[in-house]
Each structure stands twice: as C-alpha cells, then as structure tokens.
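Q: Quick note: the sequence shown, position 127, residue 146 per our numbering, numbers continuous. Built from N, CA and C at the ideal position, the CB exists for glycine as well. Bear in mind that the values here come from a model prediction, so they are computed numbers and not experimental data. Take a look at this one; I'll ask things after.
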Amino acid sequence: MVDKVSVRNKPASNVLKSPKVVEVARAHYGCSTMQHVELEDMGGTKTVGSHWKMRNAKDDLMSPSFSAGFYTAITIAAMEDTGYYKGNYRNAESMAWGRNAGCVLFDKKCVIDGVSQVPEMFCDGVISLISDYRCTSDRLGIGDCAIAYHVKLPVYLQYFLNPTMGGKDAFMDFCPIIKAYSTTLCLNGDASIFPGSVFSESARCFSAIPNTPIRISNHQNMLSICADVQCDKDTSRYRVRVKGASDFVDCPSGTTLVLSDYSTEFKSGVITCTPYEDVCSKSLYPDYNRDNYFNESSIATFGTTNIAYQLIYTLVAALTAMIVLAE
Numbered sequence: 020m021v022d023k024v025s026v027r028n029k030p031a032s033n034v035l036k037s038p039k040v041v042e043v044a045r046a047h048y049g050c051s052t053m054q055h056v057e058l059e060d061m062g063g064t065k066t067v068g069s070h071w072k073m074r075n076a077k078d079d080l081m082s083p084s085f086s087a088g089f090y091t092a093i094t095i096a097a098m099e100d101t102g103y104y105k106g107n108y109r110n111a112e113s114m115a116w117g118r119n120a121g122c123v124l125f126d127k128k129c130v131i132d133g134v135s136q137v138p139e140m141f142c143d144g145v146i147s148l149i150s151d152y153r154c155t156s157d158r159l160g161i162g163d164c165a166i167a168y169h170v171k172l173p174v175y176l177q178y179f180l181n182p183t184m185g186g187k188d189a190f191m192d193f194c195p196i197i198k199a200y201s202t203t204l205c206l207n208g209d210a211s212i213f214p215g216s217v218f219s220e221s222a223r224c225f226s227a228i229p230n231t232p233i234r235i236s237n238h239q240n241m242l243s244i245c246a247d248v249q250c251d252k253d254t255s256r257y258r259v260r261v262k263g264a265s266d267f268v269d270c271p272s273g274t275t276l277v278l279s280d281y282s283t284e285f286k287s288g289v290i291t292c293t294p295y296e297d298v299c300s301k302s303l304y305p306d307y308n309r310d311n312y313f314n315e316s317s318i319a320t321f322g323t324t325n326i327a328y329q330l331i332y333t334l335v336a337a338l339t340a341m342i343v344l345a346e
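Structure (structure tokens):
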C-alpha cells in the first residue's frame, strides 16, 4: 500500500495507495485521476512517512503540525484500510483545505512565478495592512500571508523570482498560507487590533464580499471579521451574531448579510455566509463525542474511552509499519 514516487520534481517520497484512502481523497480534492495520497517528507523521523503531507491536508488530525485537527474521511479511510476497523463516515469532520482544489494541487507548484495556483489555499504576497488580513482556512482566526526569506531554496521549492522567498513552514513545502497570530484568533483575539469582531469559543471568521470592505463605525475598514456562530445539526443550518447585535440571525450558506442591518457597529459592509460545514465542525455540537468515528465493534477493540489519542498512535504505527514493509 506504500510506495515511493517523485511528485512536482521533488525527490521520491512515501505515498499511500490503499484503495479506500484513494477513493475518499479523490472525492475530497476533486481529482478523479489520483493514484495515491502523499505522506509527509519533512521534519525527521517523528513525522516523515507517518503523517499526511501537510501541504495537502493542513487541517487534518494527521497533519504533522498543530492545526484544526479535523477527523476527516481520509484519516478514517486510512484506519479502515489497515483491515482492522470499519469507518463510520457519517461522523467525519469536514475540512475546507483542499476541497475541490483539483489535480492542479498535486501536479503543480503551489505558486508559480509569484502567482498562486490555488488562491483558496495559498497566498502569494505580503499583506502589509491589518485591514487586509483574511480568514484562515479553518475559520478560527484572521491572518496575513506568512512570507519568509531563507537560504536559497531548492528549485522544486522556489515559487518567486527571488529564490530565497517562500512560506514559513517546511511542512508546507514553504508554500505561503494565511496564518493567524495569538492576538488574531477568533477565540481570544485583541479587539483593539480587530474592531468589529466578536471573540469567543464559538466565534468563526467571515469574509467580506469581494472588493467591498467592511466599514466599522470608527472609520476602520476590514476584509474579515469574527462573529459568534450557533449551529443546528438537525437542519445543517447556522445563525450568526455580529458585534453589537442583540440576537443571532440566520445565515444560509451562499447568501450574504448586510451588517448595518443588524448592528450600529458597522457603517457598511456585507459578509458571505460560508458553507455550514466550514463553520460548524462537529466539535461545536454540545453532545458531540469523537469516540463515534468507528462502529461499535471497532470501538471495543481500543478498550479505552480516549479514542482520539489511540487513533493517532494506531495510525502512525500502521503507516510506519507499511513503510518498513515496503522497503
């Protein structure tokens, strides 16, 4: 199930070719010709070959670095392909990262000659103004384009005319992404930096409609704000409460909200109601239990209520064993 292939002119890396993983990955990424899923090739023995390639699965539980940690169908499929578990895909958590990105995500560099090939995932320039900061992929914060300068990068990791310019994270193959700071998280951000935002455990990031910034009452403009979210899992709908509003209002996916209609905090501006699954991860449900990722017969196999950690350790061990056997 594990093989070594060269992708995007990189040295050969470990990939997983197990059938369920490939099937689920094709559906998620919208790439019907996928033959494998890349495993991490950076970071040393603790991450190489035992986690998904972070560049392609940043917000998955099995990415090698701290992220949103979603239990996606891809990770559930990897457990099922070991032959010991039967996945309960109804409980899979949705991950916006890579969704319907297409085969270009895997076939090309993330940025070519300074132009992002998948703008929904990768940014391609420094954002100098806080007012222009954008939502992170997991909707948990507002951030800028994380750009850094390195010792000259290998040709296959060069994305700009300046060969030392790239993203900050090696796990991302130095692809630049929108990254939040401790003061810009929707959980506990700094209101003096981001006016017009609500900060709480249930707050998520929403974007202004294109080319129309949100104008705050103090005359500041923003392209993104955090707002409280109230999810209804029975109807797969959610409501939002923006700063200064007295109550929650419906926010049907694909529609927009005129902010000044609900709060005097805003002079003008319209936000887009993002898809339900992007702001209502199952962890927001009051009765949500991650122990339900596998059917009862499989849960009993673990012999513990701490299924989340057991799944991580089991999958890491399984992937590592597959690599050893493949060599």
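Looking at C-beta atoms only, is the number of pairs between the segment 133 to 147 and the segment 168 to 175 that lie closer than 8 Å three or more?
A: No: the two stretches stay apart, fewer than three of their Cβ pairs being nearer than 8 Å.
Q: Counting only runs that start and end within the segment 69 to 149, where is the alpha helix (DSSP H) found for 4 or more residues in a row?
A: 92 to 99, 123 to 126
Q: How is Val40 classed by DSSP in three states: helix, strand or coil?
A: The sequence position of residue 40 within the sequence shown is 21, counting from 1. Helix at Val40.
Q: Using the C-alpha atoms, what's the distance from Met98 back to Tyr312?
A: Against the sequence shown, residue 312 aligns to sequence position 293. Against the sequence shown, residue 98 aligns to sequence position 79. Any reading at Tyr312 needs caution, since the residue's pLDDT is 44, under 50, leaving its predicted position unreliable; the model's value is listed next. Those two C-alpha atoms are separated by around 10 Å.
Q: Taking the alpha-carbon positions, what's the Phe179 to Val130 distance?
A: Taking the sequence shown and counting its residues from 1, the one referred to as residue 179 is at position 160. Taking the sequence shown and counting its residues from 1, the one referred to as residue 130 is at position 111. Rounded to the nearest angstrom, the two C-alpha atoms are 8 Å apart.
Q: By how many angstroms is the C-alpha of Val268 removed from the C-alpha of Leu276?
A: The sequence position of residue 276 within the sequence shown is 257, counting from 1. The sequence position of residue 268 within the sequence shown is 249, counting from 1. If you take the alpha carbons of Leu276 and Val268, they lie about 9 Å apart.
Q: Judging by CA-CA distance, which residue of Asn110, Met184, Ile95 is the nearest neighbour of Tyr104?
A: Residue numbering aside, residue 104 sits at position 85 when the sequence shown is read from its first letter. Of the candidates Asn110, Met184, Ile95, the one whose C-alpha sits nearest the C-alpha of Tyr104 is Ile95.
Q: Out of curiosity, what's the CA-to-CA distance linking Tyr281 and Val41?
A: By one-based count along the sequence shown, residue 281 stands at place 262. By one-based count along the sequence shown, residue 41 stands at place 22. Using only the alpha carbons, I get a separation of about 45 Å.
Q: For Asp157, count neighbouring Cβ atoms within 10 angstroms of its own Cβ and tell me buried if that reaches 16, exposed if not.
A: As a first step, residue 157 must be located in the sequence shown, where it is residue number 138. By the neighbour-count criterion, in which a residue is buried when 16 or more other Cβ atoms sit within 10 angstroms of its Cβ, Asp157 is buried.
Q: Please classify His238: is it buried, with 16 or more other beta-carbons within 10 angstroms of its beta-carbon, or exposed?
A: Position 219 of the sequence shown, counted from the start, is the residue given in the question as residue 238. With fewer than 16 other Cβ atoms within 10 Å, it is exposed.
Q: Does the distance from the C-beta atom of Val261 to that of Ile244 stay below 8 Å?
A: In the sequence shown, counting from the first residue as 1, residue 261 sits at position 242. In the sequence shown, counting from the first residue as 1, residue 244 sits at position 225. Cβ atoms of Val261 and Ile244: closer than 8 Å.
Q: Looking at the unbroken beta strand (DSSP E) that takes in Tyr257, where does it start and where does it end?
A: Taking the first residue of the sequence shown as position 1, residue 257 is located at position 238. Start and end: 256 to 260.
Q: Quick one: what's Thr291 bridged to in DSSP?
A: The residue you call residue 291 lines up with position 272 of the sequence shown. In DSSP, Thr291 forms a bridge with Thr275.
Q: Measuring alpha carbon to alpha carbon, tell me which of Thr231, Met20, Asp79, Ala189 ends up nearest Gly102.
A: Stepping through the sequence shown from its first residue, residue 102 is reached at position 83. The residue with the shortest Cα to Cα distance from Gly102 is Met20.
Q: Exposed or buried, Phe213, counting other C-beta atoms within 10 Å across all chains shown (16 or more means buried)?
A: Counting from one through the sequence shown, the residue named residue 213 turns up at place 194. Counting Cβ neighbours within 10 Å, Phe213 comes out buried, since at least 16 surround it.
Q: CB-CB under 8 Å to Val67, same chain, minus the five flanking residues each way: which ones, in chain order?
A: Locating residue 67 in the sequence shown gives position 48, where the first residue counts as 1. Closer than 8 Å at the Cβ level, and outside the excluded window around Val67, lie Asn33, Leu58, Glu59, Asp60, Met61.
Q: Taking Cβ to Cβ, would you say Gln54 is nearer than 8 Å to Lys39?
A: Within the sequence shown, residue 54 is the residue found at index 35, counting from 1. Within the sequence shown, residue 39 is the residue found at index 20, counting from 1. No.
Q: Check whether the segment 249 to 265 and the segment 178 to 193 touch, using three or more Cβ-Cβ pairs below 8 Å as the test.
A: no
Q: Would you call the CB atoms of Phe141 and Pro229 closer than 8 Å?
A: Along the sequence shown, read from residue 1 onward, the residue named residue 141 stands at position 122. Along the sequence shown, read from residue 1 onward, the residue named residue 229 stands at position 210. No, Cβ-Cβ distance for Phe141 and Pro229 is not below 8 Å.
Q: Which same chain residues end up closer than 7 Å to Ile45 when comparing Cβ atoms and leaving out the 5 residues on each side of it in sequence?
A: Here residue 45 is taken as the residue at index 26 of the sequence shown, counted from 1. First, the residue type needs correcting, since residue 45 is Arg and not Ile in the sequence shown. Excluding positions up to five away in sequence, the list reads Ser51, Met53.
Q: What is the DSSP secondary structure of Tyr168, reduced to helix, strand or coil?
A: By 1-based counting over the sequence shown, the position of residue 168 is 149. Looking at Tyr168 - three-state DSSP - the assignment turns out to be strand.
Q: Check the DSSP bridge columns for Lys29 and list the partner residues they point to.
A: Against the sequence shown, residue 29 aligns to sequence position 10. Residue pairing by DSSP leaves Lys29 without any beta bridge partner.
Q: May I ask you to list the residues that DSSP assigns as paired with Ile197?
A: On the sequence shown, position 178 is the one that residue 197 refers to. Cys164.
Q: When the Cα of Arg74 is compared with those of Phe225, Phe125, His47, Ala92, which residue comes out closest?
A: As a first step, residue 74 is located in the sequence shown; it is residue number 55 there, counting from the start. Comparing Cα positions, the closest option is Phe125.
Q: Could you work out which residue in Ile93, Ser219, Ala76 is closest to Leu159 when comparing CA atoms only?
A: One-based indexing of the sequence shown puts residue 159 at position 140. Answer by Cα proximity: Ser219.
Q: If you drop the 5 nearest sequence neighbours on each side, which residues of the same chain put their C-beta closer than 8 Å to that of Gly208?
A: Counted from its first residue, the sequence shown places residue 208 at position 189. Here the set comprises Gly160, Ile161, Thr202, Ser216, Phe218, Cys245.
Q: Under a Cβ-count criterion, where at least 16 other Cβ atoms within 10 Å of its own Cβ denotes burial, should Phe85 be classed as buried or exposed?
A: Your numbering for residue 85 matches position 66 in the sequence shown. Exposed.
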